[in-house]
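Numbering (my numbering), first residue to last: 1265 to 1325.
Ideal Cβ placement from N, Cα and C applies to all residues, glycine included.
Since this is a predicted model, take the numbers as computed values, not measurements.
Here it is in structure tokens:
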């Protein structure tokens, strides 16, 4: 398994923000998803750090 770079998107193609502003697949907010391509490496790393601490991204086994 390769390690992910901060520039890699955490998207796992399980997109749902049905009940709140957090995607059930990757753990990002709707704004983080929409602006991912515009975030710099440091901002992406901060998002990655937060979502991994919260148990994301959630991939199907």
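Classify residue i: buried if its beta carbon has 16 or more other beta carbons within 10 angstroms, exposed otherwise.
i            : result
residue 1308 : buried
residue 1279 : exposed
residue 1320 : buried
residue 1305 : exposed
Do residue j and residue i come within 8 Å of each other at the CB atom, strictly closer than that value?
i            : j            : result
residue 1277 : residue 1289 : yes
residue 1294 : residue 1285 : yes
Measuring straight from C-alpha to C-alpha, what distance separates residue i and residue j?
i            : j            : result
residue 1316 : residue 1310 : 10 Å
residue 1283 : residue 1300 : 21 Å
residue 1287 : residue 1275 : 9 Å
residue 1302 : residue 1314 : 18 Å
residue 1273 : residue 1312 : 9 Å
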